[in-house]
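Asks:
Residue numbers (this note's numbering), protein chains in the order written: chain A, 178 to 298; chain G, 178 to 298; chain Y, 178 to 298; chain D, 178 to 298; chain P, 178 to 298; chain S, 178 to 298; chain V, 178 to 298; chain U, 178 to 298; chain F, 178 to 298; chain R, 178 to 298.
1) Which residue from 198(D), 262(D), 266(D), 259(D) puts its Cα closest to that of residue 252(P)?
2) First and last residue of the beta strand (DSSP E) that includes residue 287(P)?
3) Residues in the stretch 236-258 of chain G with C-beta within 8 Å of chain Y's C-beta atoms, listed in sequence order?
4) For a cutoff of 8 Å on Cβ pairs, would you count residue 208(R) as touching chain A?
5) Can you list the residues of chain R that residue 205(G) reaches, using a CB-CB cut of under 9 Å?
6) What are the residues in the stretch 264-292 of chain G lying within 9 Å of chain R by C-beta distance?
7) Let me see if you follow: with CB-CB separation under 8 Å, is residue 196(F) close to chain V or not?
8) Residue 229(Y) and residue 192(Y) look like a contact to me (Cβ under 8 Å); what is the Cβ gap, rounded to whole Å?
9) Pair every Cβ in the stretch 258-278 of chain S with every Cβ in the stretch 212-230 of chain S, then say whether three or more of these pairs are closer than 8 Å.
10) State the beta-bridge partners of residue 203(U) as determined by DSSP.
11) Going by C-alpha to C-alpha distance, which of 212(F), 233(F), 202(F), 246(F) sits closest to residue 186(F)?
12) Given a threshold of 16 other Cβ atoms within 10 Å of its Cβ, counted over all protein chains shown, does residue 215(R) qualify as buried or as exposed?
13) Apart from the five residues on each side of it in sequence, which residues of its chain come closer than 8 Å, Cβ to Cβ, to residue 235(D)?
14) Hey, would you say residue 286(F) sits closer than 8 Å to residue 231(F), going by beta carbons?
15) I need the DSSP call for residue 276(D), collapsed to helix, strand or coil.
16) Tell me whether residue 182(A) sits in a helix, a strand or coil according to DSSP, three-state version.
17) May I ask you to list the residues that DSSP assigns as paired with residue 217(S)?
18) In chain P, which residues lie with their C-beta within 8 Å of the C-beta of residue 201(D)?
19) Would residue 284(F) and residue 213(R) be called neighbours here (beta carbons separated by less than 8 Å)?
20) Within the 8 Å Cβ cut-off, does residue 219(F) reach chain P?
21) Could you please give the first and the last residue of the uninterrupted alpha helix (DSSP H) stretch that includes residue 347(Y)?
22) I need the straight-line Cα distance from residue 248(V) to residue 200(F), nearest angstrom please.
23) Select from 294(R), 259(R), 267(R) the residue whose C-alpha is nearest the C-alpha of residue 288(R).
24) Would you say residue 182(V) reaches chain S, if we count a Cβ-Cβ gap shorter than 8 Å as a contact?
25) For residue 256(P), which option in 196(P), 209(P), 181(P), 184(P) has the closest C-alpha, if you only look at C-alpha atoms?
26) In chain order, what residues of the same chain have a beta carbon less than 7 Å from the beta carbon of residue 220(R), not counting five sequence neighbours either side?
27) According to DSSP, which residues form a beta bridge with residue 189(P)?
28) Name the residue from 196(D), 190(D), 204(D), 246(D) whose alpha carbon lies nearest to the alpha carbon of residue 281(P).
29) Tell me, please, whether the CB atom of residue 274(V) is closer than 8 Å to any CB atom in chain C?
30) Can you tell which of 273(R), 296(R), 254(R), 246(R) has its C-alpha closest to the C-alpha of residue 217(A)?
31) Out of 190(U), 211(U), 196(U), 194(U), which has the shortest C-alpha to C-alpha gap to residue 254(U)?
32) For residue 233(S), go through chain U and note every residue whose CB falls closer than 8 Å to its CB, in chain order.
33) Tell me which same chain residues have a C-beta within less than 8 Å of the C-beta of residue 272(U), skipping the five on either side of it?
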C-alpha cells in the first residue's frame with residue numbers, strides 16, 4: 178500500500194496509560210481488489226491491542242481502511258502491512274490482527290498477525 | 178464521571194470470604210452519550226470478580242450504571258473508570274470488566290480492563 | 178439452608194476410584210426464593226467433579242435441590258453452601274459449581290465456586 | 178459388560194506410527210438400558226486418541242457399541258469400561274472419551290475419562 | 178496418493194518471512210473415494226500454518242485437492258499424506274491439518290495431524 | 178385451580194381500543210407440581226391476544242402465575258384454565274396460549290389453546 | 178408391527194373436549210431395527226393432534242414406542258402404522274406425525290403423515 | 178408523547194410510487210422510561226411499510242425516536258403512538274410496527290400494531 | 178444427463194397408497210462438474226413428494242445421484258432433469274426438489290422445481 | 178444508475194421454459210456509495226424469479242452488480258432499479274429482490290420489491 182495511506186490515521190492520548198488493558202475493534206466492511214484478477218475481495222478485520230501512550234481514533238481507522246477499496250492487495254501482505262501501519266502510529270504494548278476473508282473458489286482464508294507479546298492480565 | 182456517582186454503590190459482607198470464588202454479572206442495558214456528538218451509545222458490561230471482604234449489591238449497581246444515561250463518556254475512559262469505582266468500594270482479589278459497545282460507522286469496539294491477578298482455582 | 182437438607186443426599190461407591198475422571202451434571206431446574214422480596218429465583222447449576230471413593234446419586238441430588246423450592250437463598254451464599262454439602266458427602270478430588278441465574282432488573286448473575294485443585298488429565 | 182464384548186473390536190496398522198497425531202470419532206447413537214429401571218438410555222460418545230501401533234476399525238467399533246443396546250449399564254461404569262476396552266486393543270499413546278447422556282428427571286450428565294497423557298503438538 | 182500429485186502445488190515467496198504469523202485455509206469441498214467400497218467420501222480440511230520462506234498458492238491448492246476426487250483414500254492416511262505434501266513444498270515453521278469427514282454408519286470422524294511446534298505469539 | 182386464583186389478576190383500559198393490535202407476553206418461569214408424583218414441572222407460557230376494552234397488567238399476571246408454584250396441575254388442564262381466566266378478565270377479541278413444558282422421561286409436550294378468531298391485519 | 182403393540186397405549190378423558198386445541202408431543206428417542214440389515218435406526222417423532230373425547234397418556238406412549246426397540250420397521254410403514262394406532266385409541270379431530278430419521282449413507286429422510294383436517298383456530 | 182415530537186420527522190419523495198414495494202427498518206436502540214417507576218425500558222422496533230407518495234428519512238427517524246430517551250411511555254401506548262406519527266407523515270399504503278421489549282420481572286412483552294391492509298405482491 | 182442414468186433408480190410399493198402423506202429426503206452430498214470450466218460443483222438436494230403407487234428406494238437414489246460425479250451439469254438443467262427422472266419412475270401425486278448449490282464467485286444459487294399440486298393435508 | 182450498466186447483463190435460454198420453477202440467487206457482496214456522504218454502503222441482495230424464455234447468467238450478474246462499487250445509490254432507488262434492469266433483460270413470469278443493508282447509525286434497513294405475481298406451485 179502506498180506510504181501516504183497512514184497519513185489519515187489519527188491517535189489520541191490513552192486515558193489510562195499505566196494499565197495494560199485491551200481494546201478490540203471489529204471492522205466487517207473491509208474490501209480491496211485482487212491484484213491478479215481485479216475482482217473485489219471482502220473481509221472482516223479484528224484488531225486487538227494493549228495501548229501504551231496512544232490509541233487510534235475509530236473514525237480515522239475507518240477512513241484509513243476505506244483507502245483499500247480500489248487498491249490491489251494480497252491477503253497475506255495487506256494484513257501484515259495494516260499491522261505495521263497501526264503499530265507505527267500507536268506504538269502499543271502488543272497488537273494482533275485477525276483478518277477473515279470471504280470464500281473464493283470454494284476456499285476460505287484467514288490471516289493472523291501479531292506484534293509484541295500480550296501482557297498478562 | 179463525577180466523583181459523586183459512586184455514592185450510589187452499596188456493598189454487603191462476602192458470606193464466604195475465605196474461598197477465592199468468582200461472581201459474574203452481565204449488564205446488557207448500559208447507555209451513555211458520546212461526548213463529541215451527543216448521540217446515545219449502548220453497550221453490554223460483563224463484570225467478573227473474586228470478592229474479598231465485600232460484594233457489590235446488584236440493585237445499587239443498576240442505579241449506579243443508570244447515572245451514565247445522560248452523561249458524556251468515551252468508551253476507553255468510562256470502562257476504566259467503572260473498574261476503578263467498583264474496585265474502590267469492594268477491594269476485590271481480582272476484577273475484570275468486558276465492555277462490548279454496539280456498532281458505529283460499521284465498526285464495533287470492546288474494551289477489556291482488569292485489576293489484580295486472577296486467583297487460580 | 179438448614180443442616181437437615183443434606184440428609185437426602187445419597188452416594189454410591191465410585192466404580193473406578195483409581196482413575197481421576199470427571200462427572201459433569203447439569204441441573205437447569207433449580208429454583209428458590211429471594212430472601213428480600215419473597216419472589217422466586219431460577220437458575221441452572223452445572224456441577225463438575227472428580228470423584229474419589231464416592232459419587233453422589235442423581236435422583237437424590239434432584240430431591241436435595243428441590244428442598245430450595247420454598248426456601249430463601251441469596252445467590253452467592255446458596256452456591257457456596259451447595260458446594261460444601263456435595264463436598265461433605267462425596268469428599269471428591271476436586272469439585273466446581275457454576276450457577277447461572279435468570280435476569281433480574283435487566284442484570285444477570287453467575288456464581289462460580291471451586292473446591293480443591295483439578296487433577297491434570 | 179461381558180468380557181466377550183471386545184471380541185468384535187478390530188484394529189488396523191497405524192499408517193503413520195511415528196507421528197503423534199489424533200483421531201476423533203463421534204458416535205451419537207449409543208444406547209443401553211438402565212440397570213435399575215430397565216428403561217433405555219441414550220448418549221453420544223466422543224472418542225479422541227493418539228494411536229501408537231494400532232487404530233480401531235470404525236465398522237467394528239459400531240458393532241462393538243451396538244452390543245450395549247439390550248445391556249444394563251450405569252453411566253460412570255460403562256464409560257470407564259469402554260475406555261478400558263479400546264485402550265486394551267489399541268494401546269494408544271493417549272485416549273479420552275466424553276460421554277454425553279440425554280436428560281433424565283430434568284438432569285443431564287456427562288462422564289469424561291482419560292488414559293495416559295496427551296502428546297504435545 | 179501418487180507422487181505426481183504434488184506437481185500441481187505452487188508456492189510464492191512469503192512477503193513477511195521475518196514474522197511468525199499464521200495463515201488458516203478452510204477447504205469444505207474435499208472429496209475422495211473409499212478404497213474398500215468405492216463410495217465417495219466428503220470432508221472439510223482446515224489447514225493452519227506459520228510460513229517460513231514460502232506460502233502455498235490457493236488456486237494450486239484447490240487443483241491439488243481435486244486430484245483426490247476419483248482416488249481411493251483412507252481418512253487417517255490421506256490426512257497425513259496431505260500434510261507431508263504441503264510441508265514438503267512450503268517447509269513451514271509449523272503446520273496443522275484438521276480433517277472433518279461426513280458421517281458414515283452413524284459415526285463421524287476427524288483426523289488432526291501436526292508438523293513442528295507452533296511458534297508462540 | 179381454585180377460583181380465587183383470578184382475584185390477583187388486574188387490568189387496565191386499552192389505550193387504543195378501536196385498533197385490532199396484538200400483545201405478546203412470554204413467561205419462561207412458569208412452574209407447578211405434577212398431581213400424580215408431586216414433582217415440580219416447568220414451562221414457558223407465550224400469551225398472544227388482541228385486546229378489546231381491557232389489557233391485563235403484567236405484574237399482576239406474574240403474581241397470578243406464581244400461585245401455581247405449589248399447586249398440582251396437569252399440562253392440558255392448566256393451559257386451558259389459564260386461558261379461561263385471562264379471557265374472563267380481559268374479554269379480548271382473540272387470545273392464544275402456547276405452553277411449552279420441559280422434557281419428562283425423554284418426551285417433551287406443548288399445549289396450544291385459542292379463544293375466538295384472530296382479527297385480520 | 179404386531180397388533181398387540183397398542184395394548185400398552187392408555188388414554189384419559191380430554192378435560193376440555195368442547196375446545197379444538199392442540200397437543201404437541203416430541204419423542205427424540207425413537208429407535209427400531211432396519212428389516213433389511215438388522216442395524217438400528219434412530220428418529221425423532223413429533224405428534225400433534227387436536228383431541229376429541231380422549232388424550233393419550235404420555236408414559237404409556239413412551240412404553241408403546243419402546244416396543245419398536247428390537248422390532249424391524251421401514252420408515253414409511255412404521256410412521257403410518259403409529260398414526261393408525263394413535264388415531265385408533267384417541268379418535269382425534271385431527272392428528273399429524275412428523276418422523277425425522279438420522280442419516281444413513283449420507284441421506285436423511287423424514288416422513289409426514291396426517292389424519293383428518295386441522296381445525297381452524 | 179408530546180405533539181411536538183413529530184416535528185423532527187422528515188420525509189422524501191418515494192422514487193417508485195407506482196410500485197407497492199416494502200421498506201423494513203430495524204431500530205434496536207429504542208429506550209424510554211417507565212411512567213410508574215421511572216426506570217429505563219429498552220426495546221427493538223421493527224417498522225415495515227409500503228410507501229405511497231412519501232418515505233420517512235432514516236436519520237430523522239433516529240432523532241425522532243431519541244426523544245423518548247427521557248420520556249415516560251407505556252409499551253402498548255407508545256407503540257400505537259409511534260405508528261400514528263409515522264402514518265401521519267408518510268400516509269403509506271400499509272404499515273406495521275413490531276416492538277420487542279427487554280424482560281422485566283422474568284416476563285418479556287412484544288406489541289404489534291398495524292395500519293391498513295398489506296398490498297399483495 | 179444420459180438416458181441410461183435412470184436405469185439405477187429402483188422403486189417399491191407404497192405401503193399406504195390410499196393416504197396422501199409426504200416423504201422428505203435430504204441429500205447433502207451431490208456433486209457434479211461445471212460444463213464450462215470442468216470444475217466440481219457441490220449441492221444439497223431436498224426432495225419432497227407425496228407418493229402414489231410407488232416410492233423410490235433410498236440406496237438406489239444414492240447410486241443414481243452418484244452418476245453425476247464426473248458429469249457436466251448446469252444448475253437449472255440438472256435440477257429439472259432429476260425431477261423428471263424421479264417423477265418418471267414414481268408417478269407421484271406431487272413432487273418438489275430444492276437444490277442448494279455452494280457459493281461460486283461470491284454468489285450462491287438455489288433452484289426450486291415442482292411437479293403437480295401438493296395435496297392438502 | 179447509468180443506462181449503460183445493463184449492457185453487462187447476459188442471458189441464456191431457459192432449458193425448461195414450460196415449467197414455472199424458481200431460481201434464487203444470493204449476492205452477499207453488494208457495495209455502493211451513499212450519495213449524501215460518499216461513504217460506502219454494503220448489502221446482501223437475494224433475487225428470486227420464475228424464468229420465462231430467458232435466465233440471467235451468474236457471472237454477468239456479478240459484473241453488473243460490481244458497477245455499483247463506486248456509484249452513488251440510495252437504498253430504495255437502487256433496489257427498484259436493479260429489479261427493473263433484471264426484469265428488462267429476462268422478462269420473467271415473476272421476480273422479487275430482497276435487499277438487506279448493513280446497519281448505519283444503529284438502524285438497519287431492508288427493501289423488498291416485486292414484479293408480477295408469483296406462479297402457484
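In this text, a Cβ means the ideal position worked out from N, Cα and C, and glycines have one as well.
Replies: By the coordinates alone:
1) Closest by alpha carbon: 198(D).
2) It spans 285-293 - the beta strand (DSSP E) in which residue 287(P) sits, taken as one unbroken run.
3) So the close ones are 236, 238, 239.
4) Yes, residue 208(R) counts as interfacial toward chain A.
5) The contacting residues do not exist; residue 205(G) stays about 15 Å from chain R at best.
6) Of all residues in the stretch 264-292 of chain G, 279, 280, 281, 282, 283 have a Cβ within less than 9 Å of some Cβ in chain R.
7) Cβ-Cβ to chain V under 8 Å: yes for residue 196(F).
8) Residue 192(Y) and residue 229(Y) do not touch by the CB rule: their CB atoms are close to 13 Å apart, not below 8 Å.
9) As far as the Cβ criterion goes, the stretch 258-278 of chain S touches the stretch 212-230 of chain S, which means the pair count is three or higher.
10) Assignment of beta-bridge partners to residue 203(U) by DSSP yields 223(U), 285(R).
11) Among 212(F), 233(F), 202(F), 246(F), the Cα nearest to that of residue 186(F) is on 233(F).
12) Answer is exposed; the Cβ neighbour count stays below 16.
13) Only 202 meet the Cβ criterion.
14) It is not a contact, given that the beta carbons lie outside the stated cut-off.
15) It is a strand residue.
16) In the structure shown, residue 182(A) sits in a helix (DSSP, three-state: H, G or I).
17) In the DSSP output, where bridge partners are listed per residue, residue 217(S) has 210(S).
18) The contact set of residue 201(D) on chain P, defined by CB atoms closer than 8 Å, consists of 286, 287, 288, 289 in chain order.
19) The answer is no: Cβ separation not under 8 Å.
20) Yes, residue 219(F) counts as interfacial toward chain P.
21) A question about residue 347(Y) goes unanswered here, because the residues of chain Y that appear run from 178 up to 298.
22) Cα-Cα distance, rounded: 22 Å.
23) It is 259(R).
24) The beta carbon of residue 182(V) sits no closer than 8 Å to any beta carbon of chain S.
25) Of 196(P), 209(P), 181(P), 184(P), the residue nearest in Cα terms is 209(P).
26) Only 207, 276, 277, 278, 279 meet the Cβ criterion.
27) Residue pairing by DSSP places residue 189(P) opposite 232(P) in a beta bridge.
28) Measuring from the Cα of residue 281(P), the nearest candidate turns out to be 204(D).
29) Protein chains in the displayed structure are A, G, Y, D, P, S, V, U, F and R, and chain C is not among them.
30) Selection 273(R), 296(R), 254(R), 246(R) evaluated against residue 217(A) yields 246(R) as nearest (Cα-Cα).
31) Relative to the Cα of residue 254(U), the nearest Cα in the group 190(U), 211(U), 196(U), 194(U) belongs to 211(U).
32) Under the 8 Å cutoff, chain U gives no residues; its nearest Cβ is about 11 Å from residue 233(S).
33) Result list for residue 272(U): 224, 225, 226, 227, 260, 263, 264, 291, 292, 293, in chain order.
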